[in-house]
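A.B. asks:
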Amino acid sequence: MLMRFSLQRVKNLRALRPQVLASANSRFSTATEPSFNHRNPPRVPNLIGGAFVDSKSTATIDVINPATQEVVSRVPLTTSEEFKAAVAAAKQAFPSWRNTPITTRQRIMFKLQELIHRDMDKLAKNITTEQGKTLKDAHGDVFRGLEVVEHACGMATLQMGEYVPNVSSGIDTYSIREPLGVCAGICPFNFPAMIPLWMFPVAVTCGNTFILKPSEKDPGASIMLAELAMEAGLPHGVLNIVQGTNDIVNAICDDDDIRAISFVGSNTAGMHIYGRASVKGKRVQSNMGAKNHGIVMPDANKDATLNALVAAGFGAAGQRCMALSTIVFVGDSESWENQLVERAKALKVNAGTEPDADLGPVISKQAKERICRLIQSGVESGAKLLLDGRNTVVPGYEQGNFVGPTILSGVTADMECYKEEIFGPVLICMKADSLEEAINIVNRNKYGNGASIFTTSGAAARKFQTEIEAGQVGINVPIPVPLPFFSFTGSKASFAGDLNFYGKAGVNFYTQIKTVTQQWKGLPSGSGVSLAMPTSQKL
Ligand code: NAD
């Protein structure tokens, strides 16, 4: 798999070489094969001004296959000089890219979506190797990002302005959406393809240039997507990639040439980035952590609801920001817990590459330790452990970071396992006597990413929809993530900023509105100078 990834990169690098060599001022130009292709394990390159280049940094982080602990590749901590070169390349590419016709920019996205389809399997394999999720789920990761690329193909319509003729005699006013300049995106580990695709396709089709900082845990998909974007015709310097962690993120926040930052990840990093970059006057959209609740009413369709809860709680080993991690059983529905346990037990834990895997490993040893600690804290505070996945060992993958489906019952709002985002295959069950009480539980939680209700009562669903304080609401839908013609609308502590990702809000985030007022009538002569404020009508 890795070989194929490298071969593809070599092929693209060969195609790029004439331009790389032509770039006389590039300190990264080379007439020989780039050094990162010869290393074992390979070093993940940066992408600067259209060339994939090895960082000079000796400090690296290992990308580790979570099912085997094999080192897949090494991520360099990009130097400050290299970071500045990436920003300079993006800045240099901006004037001609913003003046490139929107139809041309759209056509590159049309081509990109075709190429992503072509390489879907390769992308999915890379995701499974670096991130651990099952191959089927990895396809979903790519596919949900692809939908954003498809949406960006209609950018001409999406970024249309407004026009009002004759706002005053002979005067018209219209608005134009213009690109901002250099924008940046900082990604989490859990969706290595989808989240970069939430960011750069919308940003660049709006006419911006972009600096992408992939997660240091699984940067491979970002590199592959950038290769595809360049194959699709994205000019050099429009998309750049810098690898690294905190220092490079801080450099992104501080750089005066970067106008906007899209962030997806934890609250600790997200609030830090939001604060640090906002102080510098940047736009920031920050999608963060979650604790998504599913309220189960006694009148819900039992079979469909139990299936939905198991899929949404344990899919992707619970490492989705929209995973349903908390169930609030209302009234009698609490008695369904035993059947929930039976269905969860039937799930197969295995390496994501194995065809029978329902859930793969969690991302790292540290993540597993944290998940196990939070489960234990629940037990010690009085919760009942109905299913314990902590000691799961997968034959053939004994070193993998596996945690099997785990269910804690009798959880209360004061427990640490409830207050903290677990981000693992752990479902916690709570109890409420009424819908009112269940809604209050959800609303008292600090997060507001998603919440769902399972019921056959329209009245209950309507009350839930109206009163629940969550950005994304599901009615008999466990993971209500909107498709890209809407926006990803997390709220409360799950989001900081004003404009959400993708959809109309995403286009507004990556564009600045300009309002033009024009007058082309013949100016009356001899009317003299008037210092009064102009009005549109006679007073
Ligand atoms: P993370 O915050 O650890 O890392 C995200 C990015 O921030 C990485 O690129 C990382 O290098 C950088 N980073 C981390 N700590 C930093 C620091 N102190 N200073 C500067 N930069 C820092 O998140 P993760 O573990 O990769 O992802 C999981 C989290 O992401 C979960 O909390 C999950 O809920 C959240 N998430 C949210 C959404 C959403 O749309 N709301 C989607 C996916 C994931």
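Read in the UniProt record's numbering, the sequence shown has 160 at position 160, and its numbers run on one by one without any break.
Beta carbons are placed, not taken as given, at the ideal position from N, Cα and C, and that holds for glycine.
Determine the DSSP secondary structure at L499, reduced to helix, strand or coil.
C.D. replies: Translated into positions along the sequence shown, residue 499 becomes position 499. In the structure shown, L499 sits in coil (DSSP, three-state: anything other than H, G, I, E or B).
A.B. asks: Would you call the region 343-352 and the region 391-410 in contact, with 3 or more CB pairs under 8 angstroms?
C.D. replies: Cβ pair count under 8 angstroms is three or more, so yes.
A.B. asks: Please state whether DSSP places H293 in a helix, a strand or coil.
C.D. replies: Within the sequence shown, numbered from 1, the residue matching residue 293 stands at position 293. Residue state, collapsed to three classes: strand.
A.B. asks: Just checking E421 against the ligand NAD - is the residue's beta carbon closer than 7 angstroms to any of the ligand's heavy atoms?
C.D. replies: The residue labelled residue 421 in the question sits at position 421 within the sequence shown. Answer for E421: yes, Cβ within range of the ligand NAD.
A.B. asks: Going by DSSP, which residues form a beta bridge with N287?
C.D. replies: Mapped onto the sequence shown, residue 287 falls at position 287. Per DSSP, V264 and F495.
A.B. asks: Using a 10 Å radius around the Cβ and a threshold of 16 neighbouring Cβ atoms, would you call M224 buried or exposed?
C.D. replies: By 1-based counting over the sequence shown, the position of residue 224 is 224. Buried: at least 16 other Cβ atoms inside 10 Å.
A.B. asks: By alpha-carbon positions, which one of D332, K514 and G458 ends up nearest to Y163?
C.D. replies: In the sequence shown, residue 163 corresponds to position 163, counting from 1. Closest by alpha carbon: K514.
A.B. asks: Whole angstroms is fine: what's the gap from D121's alpha carbon to L197's?
C.D. replies: In the sequence shown, the residue the question calls residue 121 occupies position 121. In the sequence shown, the residue the question calls residue 197 occupies position 197. D121 and L197: Cα-Cα distance of roughly 17 angstroms.
A.B. asks: Assign S333 to buried or exposed, taking buried as 16 or more other Cβ atoms, counted over all protein chains shown, within 10 Å of its Cβ.
C.D. replies: On the sequence shown, position 333 is the one that residue 333 refers to. Counting Cβ neighbours within 10 Å, S333 comes out buried, since at least 16 surround it.
A.B. asks: Per DSSP, which one or two residues make a beta bridge with C183?
C.D. replies: Here residue 183 corresponds to residue number 183 of the sequence shown, with the count starting at 1. DSSP, once it has assigned bridges, lists F210 and A260 as partnering C183.
A.B. asks: Helix, strand or coil for D332, going by three-state DSSP, please let me know.
C.D. replies: Your numbering for residue 332 matches position 332 in the sequence shown. Helix.
A.B. asks: Assign W336 to buried or exposed, taking buried as 16 or more other Cβ atoms, counted over all protein chains shown, within 10 Å of its Cβ.
C.D. replies: Mapped onto the sequence shown, residue 336 falls at position 336. It counts as buried.
A.B. asks: Counting only the same chain and skipping the five closest in sequence on each side, list residues whose C-beta sits under 8 angstroms from that of V442.
C.D. replies: Counted from its first residue, the sequence shown places residue 442 at position 442. Counting only Cβ-Cβ distances below 8 angstroms, and skipping sequence neighbours, we find H293, I295, V328, A451, I468, E469 and A470.
A.B. asks: Could you give the distance in angstroms between the alpha-carbon of N391 and the alpha-carbon of L135?
C.D. replies: In the sequence shown, the residue the question calls residue 391 occupies position 391. In the sequence shown, the residue the question calls residue 135 occupies position 135. In a straight line, the C-alpha of N391 is about 24 angstroms away from that of L135.
A.B. asks: Go ahead and label D254 buried or exposed: buried means 16 or more other beta carbons lie within 10 angstroms of its beta carbon, across all protein chains shown.
C.D. replies: On the sequence shown, position 254 is the one that residue 254 refers to. Exposed, since its Cβ has fewer than 16 Cβ neighbours within 10 Å.
A.B. asks: Measure the alpha-carbon distance for Q465 versus G161 and round it to whole angstroms.
C.D. replies: Along the sequence shown, read from residue 1 onward, the residue named residue 465 stands at position 465. Along the sequence shown, read from residue 1 onward, the residue named residue 161 stands at position 161. Distance between the alpha carbons of Q465 and G161 is about 32 angstroms.
A.B. asks: Roughly how many angstroms lie between the CA atoms of G281 and G396, to the nearest whole one?
C.D. replies: In the sequence shown, residue 281 corresponds to position 281, counting from 1. In the sequence shown, residue 396 corresponds to position 396, counting from 1. If you take the alpha carbons of G281 and G396, they lie about 52 angstroms apart.
A.B. asks: Which residues in the same chain as T305 place their Cβ atom closer than 7 angstroms to its Cβ, once the five residues preceding and following it in sequence are excluded?
C.D. replies: Taking the sequence shown and counting its residues from 1, the one referred to as residue 305 is at position 305. Excluding sequence neighbours, T305 sits near V296 and F454.
A.B. asks: Look up R370 in the DSSP assignment and give the residues it is bridged to.
C.D. replies: Taking the sequence shown and counting its residues from 1, one reaches residue 370 at position 370. Answer by DSSP bridge pairing: none, since R370 is not bridged.
A.B. asks: So the candidates are C206, D257 and C187; which of them puts its Cα closest to the Cα of G220?
C.D. replies: Looking up residue 220 in the sequence shown gives position 220. For the residues C206, D257 and C187, the minimum Cα distance to G220 belongs to C187.
A.B. asks: Identify the continuous alpha helix (DSSP H) that holds C253 and give its terminal residues.
C.D. replies: Here residue 253 refers to the residue found at position 253 of the sequence shown. Counting along the chain, the alpha helix (DSSP H) containing C253 begins and ends at N246 to D254.
A.B. asks: Shorter than 7 angstroms, the distance from the beta carbon of T60 to the closest heavy atom of the ligand NAD, or not?
C.D. replies: Taking the first residue of the sequence shown as position 1, residue 60 is located at position 60. Not so, every heavy atom of the ligand NAD lies at least 7 angstroms from the Cβ.
A.B. asks: Tell me whether L234 sits in a helix, a strand or coil according to DSSP, three-state version.
C.D. replies: If you number the sequence shown from 1, residue 234 lands on position 234. Coil.
A.B. asks: Taking the alpha carbon of K133 as the reference point, which residue from K463, A432, I439 and N401 has its own alpha carbon closest?
C.D. replies: As a working note, residue 133 is residue 133 in the sequence shown. K133 has its Cα closest to that of N401, out of K463, A432, I439 and N401.
A.B. asks: Cβ of P425 versus every heavy atom of the ligand NAD: is any distance shorter than 7 angstroms?
C.D. replies: For the purposes of this step, residue 425 is taken as the residue at position 425 of the sequence shown. Every heavy atom of the ligand NAD is 7 angstroms or more from the Cβ of P425, so no.
A.B. asks: Would you say N246 touches the ligand NAD, meaning its beta carbon is less than 7 angstroms from a heavy atom?
C.D. replies: The sequence position of residue 246 within the sequence shown is 246, counting from 1. Correct: N246 has its Cβ closer than 7 angstroms to the ligand NAD.
A.B. asks: Ordered along the chain, which non-local residues of its own chain (more than five positions away) have a Cβ less than 6 angstroms from that of T245?
C.D. replies: Residue numbering aside, residue 245 sits at position 245 when the sequence shown is read from its first letter. For T245, where only same-chain residues beyond five positions count, the Cβ hits under 6 angstroms are E216.
A.B. asks: Using alpha carbons as the reference points, say which of K56, E70, G50 and G207 lies closest to P41.
C.D. replies: Here the question's residue 41 lines up with position 41 in the sequence shown. Of K56, E70, G50 and G207, the residue nearest in Cα terms is E70.
A.B. asks: Just list the residues that DSSP pairs T73 with in beta bridges.
C.D. replies: The sequence position of residue 73 within the sequence shown is 73, counting from 1. Residue 73 is actually Ser in this sequence, not Thr. DSSP lists V63 as partners of S73.
A.B. asks: Please report the straight-line C-alpha distance between S457 and V426, rounded to a whole angstrom.
C.D. replies: Here residue 457 refers to the residue found at position 457 of the sequence shown. Here residue 426 refers to the residue found at position 426 of the sequence shown. In a straight line, the C-alpha of S457 is about 28 angstroms away from that of V426.
A.B. asks: So is residue 562 buried or exposed if we call it buried at 16+ other beta carbons inside 10 Å?
C.D. replies: Here the chain comprises residues numbered 1 to 539, so residue 562 is not present and cannot be evaluated.
A.B. asks: Thinking C-beta only, is I211 closer than 8 angstroms to V249?
C.D. replies: Along the sequence shown, read from residue 1 onward, the residue named residue 249 stands at position 249. Along the sequence shown, read from residue 1 onward, the residue named residue 211 stands at position 211. Contact flag unset, no.
A.B. asks: Would the beta-carbon of A138 fall within 8 angstroms of that of P361?
C.D. replies: Here residue 138 refers to the residue found at position 138 when the sequence shown is read from its first residue. Here residue 361 refers to the residue found at position 361 when the sequence shown is read from its first residue. For A138 and P361, no; Cβs fall outside 8 angstroms.
A.B. asks: Name the DSSP bridge partner or partners of D141?
C.D. replies: For this step, residue 141 is matched to residue 141 along the sequence shown. Partner(s): none; D141 has no beta bridge.
A.B. asks: Report the option in G503, Q399 and G207 whose CA atom is closest to the CA atom of K365.
C.D. replies: On the sequence shown, residue 365 is found 365 positions in, with the first residue counted as 1. Proximity to K365 across G503, Q399 and G207 peaks at Q399, based on C-alpha coordinates.
A.B. asks: List the endpoints of the continuous beta strand (DSSP E) containing G474.
C.D. replies: Taking the sequence shown and counting its residues from 1, the one referred to as residue 474 is at position 474. If you look at G474, you'll find it in the beta strand (DSSP E) that goes Q472 to I475.
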